[in-house]
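For reference, the structure is listed below as C-alpha cells.
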Amino acid sequence: HLHRINKAEDPYCPHCLNTEESVHHFLLECTHYLRQRHTIQNELGHDTSSIPHLLTDTEAIKHLVKYVNDTKCLKNTFGEVPTTRKCKN
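Next comes the structure, spelled out in C-alpha cells:
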C-alpha cells in the first residue's frame, strides 16, 4: 500500500521476501510482527482476522492503533498514530 501512495520504493514487504506488502499482509500475515499481532489477539480475544471488524469496532480500533505504533512500521512515514487520548475532538 505504501508503494501505491508513493511512500515506499517497491511494493514488497521488507521482512518477507517476494511478498507484496498490503494492509492485509501487514495486519494479518507478516511474521515479523507476530509478537505484536499476538498481543492484539490476546486483548481482543476474537475477530482479529477480520479487517472490517478491526477498522470499524471502537474497541478493536484502540488495539489496532497500539499495534500500528508497536510495530513502528509507519512511524518514519507518518509519525506515531495518536491514541484516543491524544486525539482532539
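Residue numbers (this note's numbering): 699 to 787.
The beta carbon of each residue, even a glycine, is placed where N, CA and C say it ideally should be.
| Query | Result |
| --- | --- |
| Roughly how many whole angstroms lie between the Cα atoms of P712 and E727? | 13 Å |
| Inspect the beta-carbon positions of T769 and Y731 and report whether they are closer than 8 Å. | yes |
| Going by other Cβ atoms of all chains shown within 10 Å of its Cβ, with 16 needed for buried, is T746 buried or exposed? | buried |
| Please classify E741: does DSSP put it in a helix, a strand, or coil? | helix |
| Reducing DSSP to helix, strand and coil, say where E718 ends up. | strand |
| Answer yes or no: do L715 and I749 have a C-beta to C-beta separation smaller than 8 Å? | no |
| Using C-beta distances below 7 Å, list every residue in its chain close to K784, excluding the 5 sequence neighbours before and after it, in chain order. | Note that K784 scores a pLDDT of 48, beneath 50, so its modelled location is shaky; the value from the coordinates is reported in the next line. Contacts found: none. |
| From this set, S720, L742, V766, which residue's C-alpha is nearest D755's C-alpha? | L742 |
| Using only the alpha-carbon positions, how far apart do Q739 and H722 sit? | 15 Å |
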